[in-house]
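**Student:** For the record, the sequence lines run as chains G and S.
First residue of the first sequence: 64, per our numbering; consecutive thereafter.
First residue of the second sequence: 64, per our numbering; consecutive thereafter.
Number of protein chains: 2
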Amino acid sequence: MPEFFTVATPEQVFKALSGFRRLAVETVALDDALHRFCGTDITSPEDLPPLPRSTMDGYAVRAADTFGASDSLPALLDLAGAVAMGRVPEISVGPNQAAAIPTGGFLPRGADAVVMVEYSGPAGEGSVEIFRPVTTGENVLGKAEDAARGDVVIPAGKRLLPQDIGLLAGLGITEVSVYRRPRAAVISTGDEIVPVTDTPSPGRIRDINSHSIAALVRAAGGEVEMFDPVPDDPVLLRAALEKALASADVVVLSGGSSVGERDHMLNVVTSLSGAVVHAHGIAISPGKPTLIAAVGGKPVFGLPGHPVSALVVAQVFLTPFLGHLQGEELKRTPAGARVRAALASSIHSAQGREDYVRVKLEERQGLPTARPVFGKSGMLSTLVKADGFIVLPIHAEGLSAGETVEVILF
Amino acid sequence: MPEFFTVATPEQVFKALSGFRRLAVETVALDDALHRFCGTDITSPEDLPPLPRSTMDGYAVRAADTFGASDSLPALLDLAGAVAMGRVPEISVGPNQAAAIPTGGFLPRGADAVVMVEYSGPAGEGSVEIFRPVTTGENVLGKAEDAARGDVVIPAGKRLLPQDIGLLAGLGITEVSVYRRPRAAVISTGDEIVPVTDTPSPGRIRDINSHSIAALVRAAGGEVEMFDPVPDDPVLLRAALEKALASADVVVLSGGSSVGERDHMLNVVTSLSGAVVHAHGIAISPGKPTLIAAVGGKPVFGLPGHPVSALVVAQVFLTPFLGHLQGEELKRTPAGARVRAALASSIHSAQGREDYVRVKLEERQGLPTARPVFGKSGMLSTLVKADGFIVLPIHAEGLSAGETVEVILF
Chain G
64 MPEFFTVATP
74 EQVFKALSGF
84 RRLAVETVAL
94 DDALHRFCGT
104 DITSPEDLPP
114 LPRSTMDGYA
124 VRAADTFGAS
134 DSLPALLDLA
144 GAVAMGRVPE
154 ISVGPNQAAA
164 IPTGGFLPRG
174 ADAVVMVEYS
184 GPAGEGSVEI
194 FRPVTTGENV
204 LGKAEDAARG
214 DVVIPAGKRL
224 LPQDIGLLAG
234 LGITEVSVYR
244 RPRAAVISTG
254 DEIVPVTDTP
264 SPGRIRDINS
274 HSIAALVRAA
284 GGEVEMFDPV
294 PDDPVLLRAA
304 LEKALASADV
314 VVLSGGSSVG
324 ERDHMLNVVT
334 SLSGAVVHAH
344 GIAISPGKPT
354 LIAAVGGKPV
364 FGLPGHPVSA
374 LVVAQVFLTP
384 FLGHLQGEEL
394 KRTPAGARVR
404 AALASSIHSA
414 QGREDYVRVK
424 LEERQGLPTA
434 RPVFGKSGML
444 STLVKADGFI
454 VLPIHAEGLS
464 AGETVEVILF
Chain S
64 MPEFFTVATP
74 EQVFKALSGF
84 RRLAVETVAL
94 DDALHRFCGT
104 DITSPEDLPP
114 LPRSTMDGYA
124 VRAADTFGAS
134 DSLPALLDLA
144 GAVAMGRVPE
154 ISVGPNQAAA
164 IPTGGFLPRG
174 ADAVVMVEYS
184 GPAGEGSVEI
194 FRPVTTGENV
204 LGKAEDAARG
214 DVVIPAGKRL
224 LPQDIGLLAG
234 LGITEVSVYR
244 RPRAAVISTG
254 DEIVPVTDTP
264 SPGRIRDINS
274 HSIAALVRAA
284 GGEVEMFDPV
294 PDDPVLLRAA
304 LEKALASADV
314 VVLSGGSSVG
324 ERDHMLNVVT
334 SLSGAVVHAH
344 GIAISPGKPT
354 LIAAVGGKPV
364 FGLPGHPVSA
374 LVVAQVFLTP
384 FLGHLQGEEL
394 KRTPAGARVR
404 AALASSIHSA
414 QGREDYVRVK
424 LEERQGLPTA
434 RPVFGKSGML
444 STLVKADGFI
454 VLPIHAEGLS
464 AGETVEVILF
């Protein structure tokens with residue numbers, strides 16, 4: 064029987080993937096930076112806050128004046144005035160004085176703490192009673208305490224979240240350097256594949272992989288260049304591949320990376336100048352017939368034709384790789400959120416390959432349980448019904464019912 | 064001291080939120096449907112596959128002819144031909160016959176199983192040896208096994224993932240009915256707030272919340288209508304609110320929902336015709352000074368002015384609510400992926416409120432550990448440094464170091 068050219072372990076594939084150069088950085092408006100990966104360390108251009116601010120509604124005081132204050136023996140302070148929002152207060156707080164202050168108000172000179180309004184009470188005209196002591200700095204956000212000028216506030220490679228956007232807004236940073244979005248050419252191959260808008264003639268099927276893989280690329284922050292399905296013809300395949308390599312950052316083919324007669328993908332890829340094959344075959348299931356190559360330094364993924372295998376391989380290898388291209392640390396473990404759950408039934412596994420088992424999450428006696436979703440490898444419905452998958456390591460023989468597993472959520 | 068109008072528990076707030084009507088559905092192209100919520104049950108218009116297909120490269124056979132086959136005593140079958148991709152095979156497989164078949168090829172008449180190529184060998188001109196028995200249906204995806212005509216393949220309310228897009232493509236469904244994206248008007252209020260593009264004069268600060276909350280709305284699938292900051296002036300606030308209610312599906316204010324003099328939000332909201340206050344104050348920390356109301360049936364969130372409190376409240380209540388508007392089941396527990404981890408240090412909590420404690424995830428001896436990130440409530444940098452937060456229930460007194468906690472990831 065024909066053999067795969069270079070069967071690689073997942074570790075070897077990740078090592079090869081980590082060698083591809085990251086994309087260039089570009090500048091985007093702050094409000095467009097959500098979920099992009101920061102291209103440089105961002106340092107604070109100023110102190111935040113610029114002056115001490117109150118974190119509570121209450122009274123700005125000198126902490127020493129509240130020493131020993133209690134419900135039965137409150138500290139009686141003279142009101143020096145009230146701090147208004149939006150201005151640096153002109154009043155100052157002297158010994159045995161207090162100034163009303165709203166949350167966010169800047170501390171008046173002389174004050175070094177704030178007593179919460181809950182622990183104060185009126186004490187006649189121009190006075191206030193304080194029922195609890197405060198320490199210096201209490202309920203005060205000190206100058207530069209949130210960010211000091213020159214501090215790295217967001218490190219390069221961080222995926223920008225709403226709080227990061229907020230901090231940058233607070234510092235007046237309205238443009239952010241982020242890694243460019245990877246542009247992926249997505250190409251289904253196979254004589255039997257027709258575009259989704261066509262009615263397939265008998266014996267043909269609609270193109271599934273272009274659409275599912277395109278969605279996965281978009282979910283990983285990439286942009287997609289969609290190609291029409293390419294028949295199993297080396298000339299047409301080569302033409303599509305050259306076109307894709309000319310415009311895209313990464314080429315994602317599916318179908319034709321197996322070892323059958325019609326699988327021209329390896330030959331076509333290696334016929335191009337500057338081609339390097341990193342893996343022809345990966346020791347995984349599903350997904351063994353996967354090609355990982357480079358042409359002129361550009362990454363080429365040849366995914367299996369099976370829609371389920373193609374998506375699983377894409378989630379395990381392509382999603383983290385698209386993160387890598389965008390400056391994220393390339394993690395060996397599959398991307399996605401994880402949940403720990405008890406395995407509902409035993410799973411057997413072949414040694415010498417890493418197995419990805421689809422599972423549905425259920426609650427049993429209030430505890431998360433992962434029930435394997437069995438079904439033939441070609442069944443996309445098994446992936447639709449599952450909530451995620453678990454990874455059986457390459458040397459594992461299987462897992463027993465009741466064992467705790469980590470579910471990678473879709 | 065002034066009191067909150069109607070302090071509600073988180074449960075009461077979720078009950079009120081679940082009463083708001085979902086948005087209408089709209090039709091989008093399949094490739095634009097990623098992460099949208101399905102507006103109707105989608106039923107399969109046809110059988111997938113339309114005819115039995117092979118899931119392996121190998122030989123289509125009659126399973127009965129392989130009975131007892133082994134390495135020492137292989138079954139010898141006559142080759143009836145080869146199945147080509149993209150056509151319904153014209154050949155048929157009779158008793159003691161086999162036909163070469165590629166993965167995905169349609170089964171020829173007469174065949175009921177496929178022997179993997181690995182378990183076959185050449186046996187002279189026109190024959191093949193089979194070394195293992197197969198059972199009926201083995202390595203075959205039966206007609207309609209993935210989806211049968213009339214089956215509900217995607218239920219209403221499901222968030223569409225790449226595999227769902229793939230299945231719909233396979234069924235020739237090129238347009239999908241999804242819930243409309245919620246349009247959120249995002250308005251910061253406060254005399255001290257200046258637009259992010261301005262240089263704040265002494266005593267003022269830049270608008271953080273518009274940008275962080277807008278990002279959170281986008282992350283939850285919503286669209287944003289940004290407003291300039293509104294000063295603490297009831298007339299201006301009312302004008303902004305009326306404008307927002309006229310165009311948006313949900314209004315998200317921040318600042319001014321506390322109980323200080325300058326907090327006009329409650330008065331302005333209740334002065335509008337058809338206003339209902341669901342909560343003025345929520346028993347949570349941070350985030351107590353939150354207003355949840357409706358005006359003419361449209362939801363109005365009044366978030367705290369503190370950037371940290373505003374974001375935490377938005378993540379706990381607004382994100383799931385935006386999901387609800389888009390057809391998702393409204394879950395009581397905060398949105399986001401969860402990770403279980405051991406608590407690195409003890410946390411104290413006040414009874415009678417639900418506490419959200421920011422944590423950083425670390426590995427200690429190979430196990431995930433959640434280290435509380437302490438810092439003053441106004442410090443956005445604590446949120447930037449944290450990976451997520453944990454929830455201390457309303458009646459909890461605290462948690463001890465080493466306890467297992469569930470971290471809600473940002």
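For every residue, glycine included, the Cβ atom is placed at its ideal position computed from N, Cα and C.
Residue range of the beta strand (DSSP E) that H387 of chain S falls in?
**Tutor:** As a first step, residue 387 of chain S must be located in the second sequence, where it is residue number 324. Run containing H387 of chain S: none in the beta strand (DSSP E); it sits in the alpha helix (DSSP H), T382 to L388.
**Student:** Can you tell me where the beta strand (DSSP E) holding Q160 of chain G begins and where it ends?
**Tutor:** Within the first sequence, numbered from 1, the residue matching residue 160 of chain G stands at position 97. Here the beta strand (DSSP E) through Q160 of chain G covers Q160 to I164.
**Student:** Cβ of L224 of chain S within 8 Å of Cβ of V203 of chain S?
**Tutor:** For this step, residue 224 of chain S is matched to residue 161 along the second sequence. For this step, residue 203 of chain S is matched to residue 140 along the second sequence. Contact flag unset, no.
**Student:** Measure the Cβ-Cβ separation of T69 of chain S and A342 of chain S and say whether it is below 8 Å.
**Tutor:** Along the second sequence, read from residue 1 onward, the residue named residue 69 of chain S stands at position 6. Along the second sequence, read from residue 1 onward, the residue named residue 342 of chain S stands at position 279. Contact: yes.
**Student:** In whole angstroms, what is the alpha-carbon distance linking G173 of chain G and D141 of chain G?
**Tutor:** On the first sequence, position 110 is the one that residue 173 of chain G refers to. On the first sequence, position 78 is the one that residue 141 of chain G refers to. Those two C-alpha atoms are separated by around 14 Å.
**Student:** What alpha helix (DSSP H) runs, 4 residues minimum, are completely inside the region 247-312 of chain S?
**Tutor:** Listed in chain order, the complete alpha helix (DSSP H) runs (minimum 4 residues) inside the region 247-312 of chain S are 272-282 and 297-310.
**Student:** Please state whether DSSP places I457 of chain G in a helix, a strand or coil.
**Tutor:** Numbered from its first residue, the first sequence carries residue 457 of chain G at position 394. Note: I457 of chain G maps to coil in three-state DSSP.
**Student:** So for T333 of chain S, helix, strand or coil by DSSP?
**Tutor:** Here residue 333 of chain S is taken as the residue at index 270 of the second sequence, counted from 1. DSSP places T333 of chain S in helix when its eight states are reduced to three.
**Student:** P297 of chain G and N330 of chain G: beta carbons closer than 8 Å?
**Tutor:** Taking the first residue of the first sequence as position 1, residue 297 of chain G is located at position 234. Taking the first residue of the first sequence as position 1, residue 330 of chain G is located at position 267. The answer is yes: Cβ separation under 8 Å.
**Student:** Report all residues from its chain with a CB closer than 6 Å to the CB of P218 of chain S; omit the five preceding and five following residues, and keep chain order.
**Tutor:** As a working mapping, residue 218 of chain S is identified with position 155 in the second sequence. Closer than 6 Å at the Cβ level, and outside the excluded window around P218 of chain S, lie D104.
**Student:** For A283 of chain G and F194 of chain G, I'd like the C-alpha separation in whole angstroms.
**Tutor:** In the first sequence, residue 283 of chain G corresponds to position 220, counting from 1. In the first sequence, residue 194 of chain G corresponds to position 131, counting from 1. Roughly 55 Å between the two C-alpha positions.
**Student:** Quick one: Cα of G149 of chain S to Cα of A143 of chain S, how far?
**Tutor:** Taking the second sequence and counting its residues from 1, one reaches residue 149 of chain S at position 86. Taking the second sequence and counting its residues from 1, one reaches residue 143 of chain S at position 80. Roughly 19 Å between the two C-alpha positions.
**Student:** For the beta strand (DSSP E) that contains P349 of chain S, what are its first and last residues?
**Tutor:** The sequence position of residue 349 of chain S within the second sequence is 286, counting from 1. Counting along the chain, P349 of chain S falls outside any beta strand (DSSP E), and DSSP gives it neither H nor E.
**Student:** Short of 7 Å Cβ to Cβ, which residues in the region 164-186 of chain S face chain G?
**Tutor:** Hits within the stretch, in order: P165, T166, G167, F169, V180 and E181.
**Student:** For G415 of chain S and H458 of chain S, I'd like the C-alpha separation in whole angstroms.
**Tutor:** Here residue 415 of chain S is taken as the residue at index 352 of the second sequence, counted from 1. Here residue 458 of chain S is taken as the residue at index 395 of the second sequence, counted from 1. Their backbone Cα atoms lie some 6 Å apart in a straight line.
**Student:** Alpha carbon to alpha carbon, how far is V239 of chain G from G390 of chain G?
**Tutor:** As a first step, residue 239 of chain G is located in the first sequence; it is residue number 176 there, counting from the start. As a first step, residue 390 of chain G is located in the first sequence; it is residue number 327 there, counting from the start. Each residue's Cα considered, the two are about 14 Å apart.
**Student:** Counting contacts by CB-CB distance shorter than 8 Å, is I268 of chain G in contact with chain S?
**Tutor:** Your numbering for residue 268 of chain G matches position 205 in the first sequence. Yes, its Cβ sits closer than 8 Å to a Cβ of chain S.
**Student:** Using 10 angstroms around the beta-carbon of H411 of chain G, count the other beta-carbons present and answer buried if the total reaches 16, otherwise exposed.
**Tutor:** Indexing the first sequence from 1 puts residue 411 of chain G at position 348. The residue in question, H411 of chain G, is exposed, as its Cβ has fewer than 16 Cβ neighbours within 10 Å.
**Student:** Give the single residue among S:T467, S:D227 and S:S463 whose Cα lies nearest to the Cα of V447 of chain G.
**Tutor:** Walking along the first sequence from the start, residue 447 of chain G turns up at place 384. Closest by alpha carbon: S:D227.
**Student:** Return helix, strand or coil for G229 of chain G, following the three-state DSSP convention.
**Tutor:** By one-based count along the first sequence, residue 229 of chain G stands at place 166. It is helical.
**Student:** With a cut-off of 8 Å, does the C-beta of T333 of chain S fall near any C-beta of chain G?
**Tutor:** For the purposes of this step, residue 333 of chain S is taken as residue 270 along the second sequence, with counting starting at 1. With 8 Å as the cut-off, T333 of chain S does not count as an interface residue toward chain G.
**Student:** Assuming I268 of chain S contacts P112 of chain G under a Cβ cut-off of 8 Å, what Cβ separation, rounded to an integer in Å, is found between them?
**Tutor:** Residue numbering aside, residue 268 of chain S sits at position 205 when the second sequence is read from its first letter. Residue numbering aside, residue 112 of chain G sits at position 49 when the first sequence is read from its first letter. The pair is a contact, with the Cβ atoms about 7 Å apart (cut-off 8 Å).
**Student:** Output the boundary residues of the beta strand (DSSP E) element that contains F364 of chain S.
**Tutor:** On the second sequence, residue 364 of chain S is found 301 positions in, with the first residue counted as 1. Element bounds for F364 of chain S: K361 to L366.
**Student:** Distance cutoff 8 Å, beta carbons only. Does D94 of chain G sit that close to anything in chain S?
**Tutor:** Working through the first sequence from its first residue, we reach residue 94 of chain G at position 31. Interface residue, yes.
**Student:** In this structure, does DSSP put V76 of chain G in helix, strand or coil?
**Tutor:** Position 13 of the first sequence, counted from the start, is the residue given in the question as residue 76 of chain G. V76 of chain G falls in the helix class under three-state DSSP.
**Student:** If you measure from the beta carbon of S240 of chain G to each beta carbon in chain S, is any gap under 8 Å?
**Tutor:** Taking the first sequence and counting its residues from 1, the one referred to as residue 240 of chain G is at position 177. Chain S, which has no Cβ nearer than 8 Å to the Cβ of S240 of chain G, makes this no.
**Student:** Using the Cα positions of P196 of chain G and D261 of chain S, report the straight-line distance between them to the nearest angstrom.
**Tutor:** By 1-based counting over the first sequence, the position of residue 196 of chain G is 133. By 1-based counting over the second sequence, the position of residue 261 of chain S is 198. Going from the Cα of P196 of chain G to the Cα of D261 of chain S covers about 39 Å.
**Student:** Can you list, in chain order, the residues of its chain whose CB lies under 7 Å from that of E417 of chain G, leaving out five sequence neighbours each side?
**Tutor:** As a working note, residue 417 of chain G is residue 354 in the first sequence. Once the five neighbours on either side are set aside, the close Cβ partners of E417 of chain G are P73, A346, I347, V454, L455, P456 and I457.
**Student:** Taking 8 Å as the threshold (beta carbon to beta carbon), is S440 of chain S in contact with chain G?
**Tutor:** By 1-based counting over the second sequence, the position of residue 440 of chain S is 377. Yes, its Cβ sits closer than 8 Å to a Cβ of chain G.
**Student:** In chain G, what lies closer than 7 Å to E425 of chain S by C-beta?
**Tutor:** Taking the first residue of the second sequence as position 1, residue 425 of chain S is located at position 362. Going along chain G, no residue has its Cβ under 7 Å from E425 of chain S, so there is no contact; the nearest lies around 15 Å.
**Student:** Pull out every residue of the region 137-152 of chain S whose Cβ sits closer than 7 Å to any Cβ of chain G, in chain order.
**Tutor:** Those residues of the region 137-152 of chain S that come within reach of chain G (Cβ to Cβ, closer than 7 Å) are M148, G149, R150 and V151.
**Student:** V376 of chain S versus chain G: which residues are under 7 Å apart at the beta carbon?
**Tutor:** Stepping through the second sequence from its first residue, residue 376 of chain S is reached at position 313. Simply none; closest approach about 12 Å.
**Student:** With a threshold of 7 Å on Cβ separation, who are the neighbours of E208 of chain G within its own chain once the five nearest residues in sequence on each side are excluded?
**Tutor:** Along the first sequence, read from residue 1 onward, the residue named residue 208 of chain G stands at position 145. Here the set comprises nothing.
**Student:** Starting from V371 of chain S, follow the alpha helix (DSSP H) in both directions and report where the run begins and ends.
**Tutor:** For the purposes of this step, residue 371 of chain S is identified with residue 308 of the second sequence, where counting begins at 1. Here the alpha helix (DSSP H) through V371 of chain S covers P370 to V376.
**Student:** Going by the CB atoms, is the gap between E288 of chain G and A311 of chain G shorter than 8 Å?
**Tutor:** Stepping through the first sequence from its first residue, residue 311 of chain G is reached at position 248. Stepping through the first sequence from its first residue, residue 288 of chain G is reached at position 225. Yes, Cβ-Cβ distance for A311 of chain G and E288 of chain G is below 8 Å.
**Student:** Would you check if the region 87-94 of chain S and the region 112-132 of chain G touch, i.e. whether three or more CB-CB distances between them fall below 8 Å?
**Tutor:** Not touching, per the Cβ criterion.
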